[in-house]
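Heads up, the thing below is written out as structure tokens.
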Amino acid sequence: MSRTRLKTTLILGPSLLAMALASCRDEAQQSAARPLEPLSGYETVAALPAAPAARVAPVPQSAGYQLAERAYGLQEAFYDAPPAYGFDYDGRQGMAWETEDDWSMYADPYGDQEVYYYYQPDAPRPYFVRDSQYGYGFDAAGVLIALFDSNGRYLDRDQFRGAAPLAGRYYANGGDLRRAARNRAPIRQEVWRTRAPRVQATAQPWIRAVRNDADWRAWRDRDDRGDPAPRFRARPQQVVFEQDRTRDLQRERLQQDRRRQVLEQRDREQQVRQQQADAQAHARDQQQANRDQAARVRQVQQGQREAQQSRVAAQRQQQANERQQQANARQQQADQRRRQAEQQQQQQQASQQRANEQRAQQQRAQQQGREQQAQAQRAQQQAKQEQARARQQQQQAARENAGRQQAAQARAQQQQVRQAQQAPREAQRQQQQAARANPAADHAREAAARAKADRPQQQAPGRNRGPEGRRD
Numbered sequence: 016m017s018r019t020r021l022k023t024t025l026i027l028g029p030s031l032l033a034m035a036l037a038s039c040r041d042e043a044q045q046s047a048a049r050p051l052e053p054l055s056g057y058e059t060v061a062a063l064p065a066a067p068a069a070r071v072a073p074v075p076q077s078a079g080y081q082l083a084e085r086a087y088g089l090q091e092a093f094y095d096a097p098p099a100y101g102f103d104y105d106g107r108q109g110m111a112w113e114t115e116d117d118w119s120m121y122a123d124p125y126g127d128q129e130v131y132y133y134y135q136p137d138a139p140r141p142y143f144v145r146d147s148q149y150g151y152g153f154d155a156a157g158v159l160i161a162l163f164d165s166n167g168r169y170l171d172r173d174q175f176r177g178a179a180p181l182a183g184r185y186y187a188n189g190g191d192l193r194r195a196a197r198n199r200a201p202i203r204q205e206v207w208r209t210r211a212p213r214v215q216a217t218a219q220p221w222i223r224a225v226r227n228d229a230d231w232r233a234w235r236d237r238d239d240r241g242d243p244a245p246r247f248r249a250r251p252q253q254v255v256f257e258q259d260r261t262r263d264l265q266r267e268r269l270q271q272d273r274r275r276q277v278l279e280q281r282d283r284e285q286q287v288r289q290q291q292a293d294a295q296a297h298a299r300d301q302q303q304a305n306r307d308q309a310a311r312v313r314q315v316q317q318g319q320r321e322a323q324q325s326r327v328a329a330q331r332q333q334q335a336n337e338r339q340q341q342a343n344a345r346q347q348q349a350d351q352r353r354r355q356a357e358q359q360q361q362q363q364q365a366s367q368q369r370a371n372e373q374r375a376q377q378q379r380a381q382q383q384g385r386e387q388q389a390q391a392q393r394a395q396q397q398a399k400q401e402q403a404r405a406r407q408q409q410q411q412a413a414r415e416n417a418g419r420q421q422a423a424q425a426r427a428q429q430q431q432v433r434q435a436q437q438a439p440r441e442a443q444r445q446q447q448q449a450a451r452a453n454p455a456a457d458h459a460r461e462a463a464a465r466a467k468a469d470r471p472q473q474q475a476p477g478r479n480r481g482p483e484g485r486r487d
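Heads up: the sequence shown begins at 16 in the working numbering, then just goes up one per residue.
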């Protein structure tokens with residue numbers, strides 16, 4: 016298999032990643048987060064740059080294994096090869112390996128461990144990061160899409176959330192490493208001899224994982240790829256720097272050519288701008304002449320329009336005056352007719368008023384006659400009522416006089432009876448007194464009293480004759 020074909024087949028296309036992400040994104044968002052085990056011996060994790068947790072979207076294992084296979088191929092190719100160059104990053108010396116077709120692997124030292132970052136050609140950030148315990152697979156947008164342990168076991172989706180914080184910091188650190196690696200420096204032999212055992216020791220678990228993990232082997236069998244590990248060839252350090260110098264010379268020549276092209280382009284653009292300016296000036300002059308001609312034409316047309324408007328205005332004024340005179344004449348006629356109508360109406364109103372007044376006078380006379388008759392009737396009625404009251408009063412007075420006379424007579428009679436009754440008693444009392452004084456005289460007086468008492472009873476009927484007929 017040629018190097019070009021390997022490079023083409025191993026690159027996971029954006030469309031494949033997009034399809035894998037779309038198929039599993041919803042399921043990944045619903046999975047519960049389970050924190051990963053702490054990183055043993057990794058006391059300097061806090062030195063990683065602060066970054067948000069990586070977004071999580073697990074893809075089918077076939078896509079994840081492709082990322083792991085690519086990292087495995089680079090790790091195997093660089094297992095015992097010295098790095099192509101080194102670079103300084105945050106007080107640490109990073110190491111970089113490159114293939115002849117520009118795939119890269121960086122080793123970033125932390126304590127007694129190495130963290131590996133894997134890059135596609137010209138990619139600014141890693142597609143895979145591996146520390147001593149886990150491997151993290153990313154898509155081009157930095158989304159965590161695959162997760163492996165140090166033995167190559169594909170971890171369940173419910174562990175992605177727990178890995179997201181550290182994965183986000185690794186991904187950000189991988190971008191910083193990529194920028195720092197632009198300042199390349201050769202690695203001295205004594206430095207490499209010191210770090211080589213640790214690099215090889217930390218590479219062995221990942222190299223063994225491909226052969227030991229049953230699921231990974233099963234995926235290889237299903238994919239029918241035979242030996243799927245890419246055959247990368249490490250670029251030696253001297254070649255790297257020779258290529259760097261060649262690239263620098265080429266870059267300088269390209270810059271000179273670009274500067275020359277820029278200057279030529281500027282001259283051409285200046286000429287074009289001058290031609291355009293001349294053409295624009297000529298066009299402006301022509302446009303000004305056209306505007307002047309148009310202005311003169313507009314002035315003539317304006318004069319003609321004004322003269323026409325003056326004639327039209329005079330005609331309209333004359334017509335308006337005639338219409339006004341006609342309107343005034345019609346108004347005068349209308350006023351005359353209105354005054355005549357008003358006079359007729361006033362005469363009719365005066366006649367109507369006189370008739371109304373006459374009717375009112377007749378009605379008042381009739382009303383007065385009726386009132387006089389009513390008054391006469393009331394006077395006659397009152398006279399009758401007065402006469403009746405007089406008769407009633409006379410009758411009442413007569414009755415009252417008769418009653419008084421009868422009462423007086425009754426009282427007089429009663430008085431006479433009382434007097435008559437009292438006289439014998441008085442005489443008897445006197446006689447009794449005298450009898451007590453003279454018994455004989457008492458007998459005589461008693462006889463006389465008895466005789467006298469008998470006499471008034473016989474003469475009682477003649478007492479109605481009044482005092483003249485009374486007898487002592």
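For each residue, glycine too, the CB sits at the ideal point set by N, CA and C.
Since the structure is predicted, the reported quantities are computational estimates derived from the model, not experimental observations.
Chain-order list of residues whose beta-carbon lies under 8 angstroms from that of residue i (same chain, five-residue window excluded)
i: residue 468; result: 439
i: residue 222; result: 87, 90, 91 and 94
Between the CA atoms of residue j and residue i - distance to the nearest angstrom
i: residue 272; j: residue 156; result: 35 angstroms
i: residue 349; j: residue 360; result: 16 angstroms
i: residue 382; j: residue 346; result: 51 angstroms
i: residue 336; j: residue 344; result: 12 angstroms
i: residue 165; j: residue 265; result: 43 angstroms
i: residue 168; j: residue 111; result: 27 angstroms
i: residue 278; j: residue 295; result: 25 angstroms
i: residue 207; j: residue 89; result: 18 angstroms
i: residue 131; j: residue 274; result: 40 angstroms
i: residue 424; j: residue 405; result: 28 angstroms
i: residue 403; j: residue 369; result: 50 angstroms
i: residue 330; j: residue 338; result: 12 angstroms
i: residue 121; j: residue 87; result: 14 angstroms
i: residue 284; j: residue 80; result: 54 angstroms
i: residue 82; j: residue 276; result: 43 angstroms
i: residue 380; j: residue 413; result: 48 angstroms
i: residue 355; j: residue 378; result: 34 angstroms
i: residue 151; j: residue 92; result: 20 angstroms
i: residue 307; j: residue 341; result: 50 angstroms
i: residue 281; j: residue 290; result: 14 angstroms
DSSP bridge partner residues for residue i (one or two, in chain order)
i: residue 119; result: 113 and 134
i: residue 12; result: Any answer about residue 12 is impossible in this case: the structure gives the chain only from 16 up to 487.
i: residue 153; result: 159
i: residue 428; result: Paired residues: none, contrary to the question.
i: residue 108; result: 103
i: residue 129; result: 124
i: residue 145; result: 131 and 150
i: residue 200; result: 101
i: residue 236; result: DSSP output for residue 236 lists no bridge partner at all.
i: residue 71; result: 159
i: residue 169; result: 163
Exposure label - residue i; buried when at least 16 CB within 10 Å
i: residue 7; result: Given that the chain is displayed from residue 16 to residue 487, the structure contains no residue 7 and the question cannot be resolved.
i: residue 460; result: buried
i: residue 269; result: exposed
i: residue 384; result: exposed
i: residue 67; result: exposed
i: residue 136; result: exposed
i: residue 300; result: exposed
i: residue 214; result: buried
i: residue 386; result: exposed
i: residue 69; result: buried
i: residue 236; result: exposed
i: residue 141; result: buried
Sequence-distant residues of its chain with Cβ nearer than 6 angstroms to residue i (five each side left out)
i: residue 94; result: 218
i: residue 224; result: 166 and 167
i: residue 442; result: 464
i: residue 53; result: Only weak support exists for where residue 53 lies, its pLDDT of 41 falling under 50; the value from the coordinates is given anyway. Answer for residue 53: no residue qualifies.
i: residue 311; result: none
CA nearest to the CA of residue i, picked from the options
i: residue 65; options: 413, 182 and 291; result: 182
i: residue 188; options: 139, 339, 397 and 83; result: 139
i: residue 127; options: 174, 133, 69 and 216; result: 216
i: residue 163; options: 129, 220, 209 and 396; result: 220
i: residue 125; options: 210, 170, 199 and 414; result: 210
i: residue 446; options: 464, 141, 391 and 311; result: 464
i: residue 134; options: 194, 177 and 394; result: 194
i: residue 72; options: 170, 305, 175 and 106; result: 175
i: residue 107; options: 322, 298 and 196; result: 196
Own chain residues within Cβ distance below 7 angstroms of residue i, not counting five before or after
i: residue 192; result: 104, 109, 121, 123 and 132
i: residue 43; result: Model confidence at residue 43 stands at a pLDDT of 37, short of 50, so the residue's coordinates are unreliable; what they give is reported in the following sentence. Closer than 7 angstroms at the Cβ level, and outside the excluded window around residue 43, lie 71, 72, 73, 172 and 175.
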